[in-house]
Structure formats: C-alpha cells, structure tokens
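These notes are about the structure you will find just below.
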Amino acid sequence: MALKVICDQAALAEALNTAGSVVASRTPSPVLTCVKLTAGDGRLRLAATDGETAMVLDLDRVEVDAAGEVLIPADKLTQIVRECTDPTVTLEADGHALHIRGDDSRFKVFGFDPQEAPPEAHFDDEGVDCTMDAGTLATTVARSLFAAAAEHTRYAINGVLYHREGKRLRMVATDGRRLAVAVADCGSGDGETSCIIPAKALGLLRRLSKDPDAGVRISVGESRIAFRVDSATAPATLVSSLVEGRFPPFEDVIPKEQDKKLTCDREQLRSAIRRASLLTTEESRSVRMQFESKQLTLSSHAPEMGEAEVTIEVKGYEGDAMEIGFNPAYIADALKVIDDDDITLELKASNKPGLLRAGRDFTYVLMPVTV
Amino acid sequence: MPIRMLPMHVVNQIAAGEVVERPASVVKELIENALDAGATHVTVDLMDGGLESIRVRDDGDGIVSDELPLAIAPHATSKVETAEDLDGIATMGFRGEALASIGSVSRLEVVSRPRDAAAGAKIVADHGDIGSVEAAASPPGTCMTVGRLFARVPARRKFLRTPRAETGRVRRVIRDLAAAHPGVHFVMTSDGVTRLELPAHRTLRDRLVAILGRELADSLIEIEAVRDGVSVTGVVGTPETARPASTHQIICLNGRPIADRAIKQALREAYRGLIEPSRHPVAALFIGVDPSRVDVNVHPAKTEVRLRDERLIFVVIRDAAREALKQHDLVPTMPLPEVTMSPQPRQLFGSGLTATERSVAPTPPPQTSHVASVPVDGVRPEVRWMQVHDMWLLVEDEHGVVVVDQHALHERVLFEQVLERIGESPLPAQQLMVPVAVDVNSDAAEVVTALTPLARRLGLDIAPLGPSTLAVHAAPVLLVERRVDIASFVEDLVDRAVAMQGADDETALRDVVDMMACKAAVKAGDRLSDREIRDLLEQREAIERSTNCPHGRPTSMRLTLDDLERHFGRS
Chain A
935 MALKVICDQA ALAEALNTAG SVVASRTPSP VLTCVKLTAG DGRLRLAATD GETAMVLDLD
995 RVEVDAAGEV LIPADKLTQI VRECTDPTVT LEADGHALHI RGDDSRFKVF GFDPQEAPPE
1055 AHFDDEGVDC TMDAGTLATT VARSLFAAAA EHTRYAINGV LYHREGKRLR MVATDGRRLA
1115 VAVADCGSGD GETSCIIPAK ALGLLRRLSK DPDAGVRISV GESRIAFRVD SATAPATLVS
1175 SLVEGRFPPF EDVIPKEQDK KLTCDREQLR SAIRRASLLT TEESRSVRMQ FESKQLTLSS
1235 HAPEMGEAEV TIEVKGYEGD AMEIGFNPAY IADALKVIDD DDITLELKAS NKPGLLRAGR
1295 DFTYVLMPVT V
Chain B
917 MPIRMLPMHV VNQIAAGEVV ERPASVVKEL IENALDAGAT HVTVDLMDGG LESIRVRDDG
977 DGIVSDELPL AIAPHATSKV ETAEDLDGIA TMGFRGEALA SIGSVSRLEV VSRPRDAAAG
1037 AKIVADHGDI GSVEAAASPP GTCMTVGRLF ARVPARRKFL RTPRAETGRV RRVIRDLAAA
1097 HPGVHFVMTS DGVTRLELPA HRTLRDRLVA ILGRELADSL IEIEAVRDGV SVTGVVGTPE
1157 TARPASTHQI ICLNGRPIAD RAIKQALREA YRGLIEPSRH PVAALFIGVD PSRVDVNVHP
1217 AKTEVRLRDE RLIFVVIRDA AREALKQHDL VPTMPLPEVT MSPQPRQLFG SGLTATERSV
1277 APTPPPQTSH VASVPVDGVR PEVRWMQVHD MWLLVEDEHG VVVVDQHALH ERVLFEQVLE
1337 RIGESPLPAQ QLMVPVAVDV NSDAAEVVTA LTPLARRLGL DIAPLGPSTL AVHAAPVLLV
1397 ERRVDIASFV EDLVDRAVAM QGADDETALR DVVDMMACKA AVKAGDRLSD REIRDLLEQR
1457 EAIERSTNCP HGRPTSMRLT LDDLERHFGR S
C-alpha cells in the first residue's frame, strides 16, 4: 500500500526540522540518517533515531489519502519541504522512493525499505515516574542543562542528573567548574528516582515543549527514560538511553557556610558582567568582583588590550570587603536562564566557591578563578 | 731533584703550548701581526696542512733590521708599553709572546723590509736558537715562514688532525679575520692550490657574501644598533638559511674574532621560534665596545674574552637581531618547480598543498568555503582570505598569496600571548569543584615538588593524591576555555618534566608554554568562523614573529605573483 498524504507545509517543515535533529550526522548505517513516515488514522507519524535517542512526532494537520510507510533520508526531505513556497505539499510513496509535490515543483527522493527502520520510540504507560507540565519541565531543563560539560570525557559528564524525591524534582548539571541545581514540583510521583539523561535528549525535549500547558509524562526504566508530551497539535514521544556512571555527590559541593551575602538586580549584574568581560581574552577569561557595603565593582584587564571597571549597587552586603574572580561567561550563562528580578550571591573567600541563588528554585555553585 | 730556574727556551715552549696549539693558531697570530702592521694584502701558503710549512706574507709596515732580534724575543712588542696600556688594547696582538712561542716550537724565519728601507733583512729562530740578522732580498712588508712545526714536541703533534682537517681550520681562521677586515685582500693556498681568494671588498656586505656564500646574498639581513657604548653591525641570515652547526657564525669584538657562548645564546634567543632549536642562524656580527670595557687578556689565544658588560652586550645583540628580523618580511616563498615547455597545472602547487592533504583526518568532505575580506591594518584597505580544507587560510597580500597553516599560526599567537602574560603575573587559574585525578608513572610527591614552581606560574594547582596519583585542583583558564582535557595535559606535562630535568627555568617554561599553546590552538580540520579567522589574521599582524610556529616550522608561505605569472606563461 503506497502512502499518500497532503500536508500543511509549515507544520510539516517544523516537524521535520525537529525529527531531523535526532538523526545521526555521521554513521555508516544509512537508515540512522532517515526519518520514517507512517500515514494512517488521519495522521502522519514521523519517527527518527540515532540509535541512542528516538523520537516520534504525530502531525494531524494532514489529509491522508492512502495509508503506508516510507523511510527517507531526513536532511534531503527537510530541505525540500523547507524550501517549498506552497501552502501544502503532497507526499506520495513510490516503492522505497518518495515523491514530493508542490504547485510548481516535483521531487523524487530515493529511500530505504521501511522494514529496515530501527524500532520506533515507544512510551510505556506502566512505568510512569512523574508528571508535570511542559513549561515547568522546559524551564527546569534550561536551568540545568547549560552547566553540563560540552564533551563527555573520563572526568566530565555530558548529561544532567534527574533526581526525584516525592513530588520534588531536581535536575543537576556540572562541568567541574560550576554546578547548577534547578528544582521543580511535579504533579505526581512517590519514592525516589535518580538517573543521568544525555544532554542531547534534553535539548530535543526542549524543542518538544513549545506548548507550555501540555502535560508531560516521564517514565524511567533500567537503562532508558521516556517522555510523552501530550500536546494537542503535535503529540510526541522521546526515548533516550541513560548515561552510565555516577554523578558527583552534588550536595557536598554546595557550600553551606557562606558568611557574606548580598542581593542585586539581575539585569544590572547582567549588564555589568557583559561590559566588564569586553576586556578579557582567552588566556585571562576572568572578571574581578570587589564587594563593599552597598556596592560591587567588576573589573578586568588584558595586558595587550586595556582594562575595564563597572560599579553597581548591591543590597545587604555585610562583612569585610572582599574580592573574588570568576569566569564572566559562567555568571552570564546563569543570568540568562533565570527571570527573577533579584538574585542573591553568597560568598566566603576569594579561593572558595561562590553561590548564586534565584528564588528557591535555582542554586548555582561557581568555582573562582584565582591569579 | 733540586729546584732550578727553567731555561728560557723551555719557558717559551710551555707558553707556546697555550698560544700555539695547531697550524691555525700560528696563522691567526701571524695574520694579526700583519693586520696590526697595516697590511692591505695578506697571503697564506700552507704545505701539508701547515705541518711542513706555513708562510704568511704581507705588505705592511715591515720591521727595521735592528729590531728583528727583538721581534722574536719573548715579551717584546711594539704594541704595549706600560701596564696601563693593557686596559685599552686596540691592536690585535699585545702579549709580545707569539713570535717567541712560535720560534720555540718550529723553525721560524722572518724576512722583512720597511717600505722606506733600501733592503730587507732576515732572522731565524730554530726551536729557540736565535740566529743573527742577515741581509735578504725582500719586497716591502714582512714574510714569516714557519717550518717543522712541533717537530720536537711530539706530544703536541699527536693531537693534530689530518692535514686536510688542519687546512680547514686555517681557512676558517682566515675567513673570520677577513670578515673583520673587508678592505684587506686575502689569499690562501694549500700545497700550491689557491683555496681562498678574497679581493679587497668595498663594503662589509660584499665581503660577507663572498665568505658566507653567494647563495645567501639575498638572505642576509643587515643589523645595526648602538646602545650605551656598545655598537653592533653586521648581518643575520633569514630563518630558512639556518645551519645544523654554528659554522656560519662569525663574531668579532673590536675586530677580533671571538668564540663567546653568551653571544651565540643571544642569537639563539633572537631566533627563538623562528628556527628549530637544533639549528644555528647564519650571522656575522661586529661588536664594538670601548676597549677598556673588555678584557681580552684572559687566555693567550684571545678567542675568549671577558666582557665587563656581558649582559648589556647580550641584550643589544638579541634586540638588534630581533628588530632586524621583525622589520624583514620573513614569509618564505613556496618553491615551485621550474617551468617546463608544457607546464602541468596539477603539479604547480608543488608538495606544499598535496602533501598535507594526505594528513587530513577523515573529517567532512573537502570543502572550499567562503571568501571574505577584512581590513587588517591601517596601511592596506582590506585583506581578502578564504579557509580551504578546514586547514589552510589563503590570504592575499601585495606580493601574492600567503598560505597560512591555521593550527601553526594560532599556536604561535597563543605562545606569544601566554609568554608575555606570564612575564607579568601567573596565568589565572580556574578552580575545580572536584579535583581531577591523574595517574603518573613516577613518585607523585616528587613530581609535584619538581613541578610546583612552574605549575604555579601556569595557573595549575597540583598536589599528591596517592603514591602515583596527582590531584589537579585548578587548571589554567586558557586550557579550560579551549576545552583541553586537563588530565591529558597534566600527563604530558609530567612526561615533559622528566625529559627536561636539568633544563634551566626559562627553557622549561617555554617548553611547557609551547605544549599548552599547541593543545589549545585550533586544529587542522576545525572549521573557523569568519570572526575567528579575522581575529587570527589580525593577531598575525600583531605578533612579532608569526611566520614560524614555536617549533620553528613555518606558519605561512607565499606564492608570489611573479612565480604565478611565470608558471602560467603570463610574463
């Protein structure tokens, strides 16, 4: 039975864009670079995987003329649909190939036998660990994921800890120089669950969480985690294998005896950091922060360029004046993901970790740069 | 055995051991005498490498017949009268022992005629026995003949090498002296064959080209500096002319060839990063200092001198050579094969491009990426460039196309920046949340003790964690920013430290900064953004010696417009 569907161009382009970001970019196995299209029940299902992460997206803004399935290289299909200028495109299978037709264009793309497609992402309703709305989940991911190590090495984990106790979920990430803890309430859940989710899967999850009110169900298994986003327009399932290994004991890393505390305006600090970091270089990426009562002075210097100094107001600083250096990018990264107006800084000494808090949902440990 | 005063000829033989080691030292003494006598023409004839005979003829002032016996007597000289004179020696000889020494270990015949004398005279010293002055036919000037050198000093003779090797040494002595006296005509023959002929040259440069080799004519950069009473003139070779040995270095102090380690070191310092550490730059340096500030009376052979301002001279030479190199366009020209009747375009680019293509990792398929342009400095309106094969930057300049190795250039830029910064203060250290453990092959505590001073300057905080495990508590910000795996950096550092044992601090530091720069630099295969390329090329202009990476390999090479036109048959 040959698949035939008429799709809304914009919706299909977006769905393909999301599904296309799952597939493997370099692999000897061509089926891992493909997206599987399945038409039936008034829907078009897109399934893609790189072997570690798998995604299924359902599109309902389609008209199914004939049910069926094809397995087509994702990048070509995505490019073609994206470039189409017509409101609708027609997809029609021809053996293992796919015809894509717009008003004034016609493409034929060769694909593979759909029987060879890797297994589709499947959500198992039995093992649900907790539920929450997509907006909260996306925020929690954003507030932790940025601190994860960019690469996976012996010493750093390119993933985020998922740690749920009762109805409280904490997501934690660290690259060894900073550690972010984001907290969220979840709608259901009991007992305790802990696992490490690869960064790639969480990046994809954020793309699937565009509808903040959609409910998300999360199920955690022995070696995989699955998310089901119950969006009205494009329900999706994301399944990922888990990162093996032990997450560093993050509670121990959060300093408990910070004797210097202050509050400052997030936007002011963000602007000050951005300005002070203009005169830093790769080998001297640090901004000095001098805390005094009521004010914070940020300064930087690069021998070959010059120096910068910015002063902002702070509230509630007590204790002796002190000075500490940080990589400005690390502070800026955190300020990007929080929306509270006030942030709190807690410090102890210039060679001891600093703590940045926003409300009760975000805790950020920063290791200083010393000279 | 009773103590006795040594007979004079024995004293002279002992002294001769210090002045006269081999034919070359005889030649050196005799030529110096000739130059002191104002000679404009000096001829050296050797027989059997000087073992049979050495003859040095000059057209200098000559010695009046009455003074001939004094000339070959010990401690007789026309050049120094009082001890105070030793404080400011401007002549080449002065000790008054050279001829006496030579005469005590050979048969020395001196024939001389002052220009205004009617006739010449001669005297012979045969192994210390001084004959009487006799009349002799002679052109104006002096001719000294040394025969049977060391015939009666077998111990000395044993240390001589083959006649061929001794001839080579003599040639070098003449070459060095000739470099310092470009206006003097020098001729050297060996067994009747002319081995060296240097007509009087009008300029020092002409003389140096004649001595160092015609092929270097376009590769010698003139240097000149005067500072605090020290003057330096001469030439240095471009980096690609550096030699495996220091044979192409001529260093003269106040006209006297010297072998001074500090000065060689100053040169090496000036070329740091431009040549591989095992090579030696071509150089001819003429240093002038107030004679009262140099003690040449350290050793009878006078090749070692004691410089009162050694550090100053070091700095003047290093800076003068650096400045000269910096002013000079050092980008080497990419060698193209000679044009044939039917040029084959594929081969035109020579080994430069194809050889390196092979080493491209199995990264994305070769792509020719964007062409872009950027104003690089105030002089030229814009520089156009493109990145090819994610490995090379092609940059247009007024002479042609410069091909830049992106990794080598970035490595060089980082190296200079880090070194400059370390000169000011230690590098900033990013503290780590949980120490990174690194296994080492040797005793961790010892490694840490040995490395700590260096590590601190680099912004690296290490401590022993176990018997053969280190804990890294803080890492250089540069490495963190460039995402270098800190554990593998420390492993390499420890290996390097073992290999470097005994090296002085500066050498060790440079070595390690070099390694850091290499690890932190962009790699071959990294696709660079426009911004990154622009920054890199701007830094290339700013960094003093960016044509070579810290290992001395080139960072850039130029295809000249002339060569391209020639090969495409446009000229």
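Protein chains in written order, with the working numbering: chain A, 935 to 1305; chain B, 917 to 1487.
Just so you know, even glycine gets a beta-carbon here, dropped at the ideal spot from N, CA and C.
Mapping the DSSP letters down to three states, classify residue i as helix, strand or coil.
i	result
Q1192 (chain A)	coil
K1180 (chain B)	helix
A1366 (chain B)	helix
C1129 (chain A)	strand
H1196 (chain B)	strand
H957 (chain B)	strand
V1205 (chain B)	strand
T1235 (chain A)	It is worth fixing the name first, because residue 1235 (chain A) is His in this sequence and not Thr. Strand.
T961 (chain A)	coil
R1172 (chain B)	strand
V1221 (chain A)	strand
K1286 (chain A)	coil
G1019 (chain B)	helix
F1484 (chain B)	coil
L1300 (chain A)	strand
V1271 (chain A)	helix
V1247 (chain B)	coil
K938 (chain A)	strand
Less than 8 Å separating the beta-carbons of residue i and residue j?
i	j	result
Q1347 (chain B)	N951 (chain A)	no
L937 (chain A)	A981 (chain A)	no
L1128 (chain B)	A1200 (chain B)	yes
A1433 (chain B)	E1327 (chain B)	yes
H1033 (chain A)	D1047 (chain A)	no
A1268 (chain A)	E1226 (chain A)	no
T1213 (chain A)	M1223 (chain A)	For the sequence presented, residue 1213 (chain A) should be read as Leu rather than Thr. No.
V1303 (chain A)	P1342 (chain B)	no
P1183 (chain A)	K1282 (chain A)	no
P1173 (chain B)	L1183 (chain B)	no
M1105 (chain A)	S1078 (chain A)	yes
E1082 (chain B)	G965 (chain B)	yes
L1132 (chain B)	V1142 (chain B)	no
L1228 (chain B)	I1203 (chain B)	no
F1260 (chain A)	V1221 (chain A)	yes
P1079 (chain B)	L986 (chain B)	no
L1024 (chain B)	A1041 (chain B)	yes
A1027 (chain A)	V1004 (chain A)	yes
L951 (chain B)	M1060 (chain B)	no
V996 (chain A)	V939 (chain A)	yes
G1044 (chain B)	G1019 (chain B)	yes
Since I believe residue j is in contact with residue i (beta carbons under 8 Å), could you give me their beta-carbon distance rounded to a whole number of angstroms?
i	j	result
I1152 (chain A)	V1062 (chain A)	7 Å
V1187 (chain A)	L1290 (chain A)	The pair is not a contact, with the Cβ atoms about 14 Å apart (cut-off 8 Å).
V1089 (chain B)	A940 (chain B)	5 Å
R1195 (chain B)	R1159 (chain B)	6 Å
D1420 (chain B)	D1306 (chain B)	Not confirmed; about 39 Å, so no contact.
Is the beta carbon of residue i within less than 7 Å of some heavy atom of the ligand SAH?
i	result
L984 (chain B)	Questions concerning the ligand SAH fall outside what the structure shown contains, since it holds no ligand whatsoever.
| Are there three or more Cβ pairs, one per stretch, closer than 8 Å when the region 1052-1067 of chain A is compared with the region 1108-1115 of chain A? | no
| Counting pairs of beta carbons, one from the region 1345-1362 of chain B and one from the region 1373-1389 of chain B, are three or more of them closer than 8 Å? | yes
| query | Unbroken beta strand (DSSP E) runs of length 3 or more, entirely within the region 1024-1109 of chain A: which are they? | reply | 1031-1035, 1040-1044, 1062-1067, 1093-1099 and 1102-1108
| request: Could you tell me which uninterrupted beta strand (DSSP E) segments, each at least 3 residues in length, are contained entirely in the region 1320-1368 of chain B, listed from first to last along the chain? | output: 1345-1355
| field | Contact the region 1331-1339 of chain B vs the region 1357-1368 of chain B: 3+ CB pairs below 8 Å | value | no
| query | What residue ranges within the region 1047-1130 of chain B form continuous beta strand (DSSP E) runs of no fewer than 3 residues, ordered along the chain? | reply | 1050-1052, 1057-1063, 1101-1106 and 1109-1114
| query | Does the region 1125-1137 of chain A touch the region 1016-1028 of chain A, meaning 3 or more C-beta pairs lie closer than 8 Å? | reply | no
| 3 or more residues per run - each beta strand (DSSP E) lying fully within the region 1376-1454 of chain B | 1377-1382 and 1385-1392
| task | Answer yes if the region 1163-1183 of chain A comes into contact with the region 1191-1198 of chain A, meaning at least three C-beta pairs across the two stretches below 8 Å, and no otherwise. | result | no
| field | Segment contact, 8 Å Cβ cut-off, at least three pairs: the region 1407-1426 of chain B with the region 1298-1305 of chain B | value | no
| Does the region 1380-1387 of chain B touch the region 1420-1436 of chain B, meaning 3 or more C-beta pairs lie closer than 8 Å? | no
| task | Taking only runs that begin and end inside the region 954-1012 of chain A, name each unbroken beta strand (DSSP E) of 3 or more residues, in chain order. | result | 968-974, 977-983, 987-993, 996-1000 and 1002-1007
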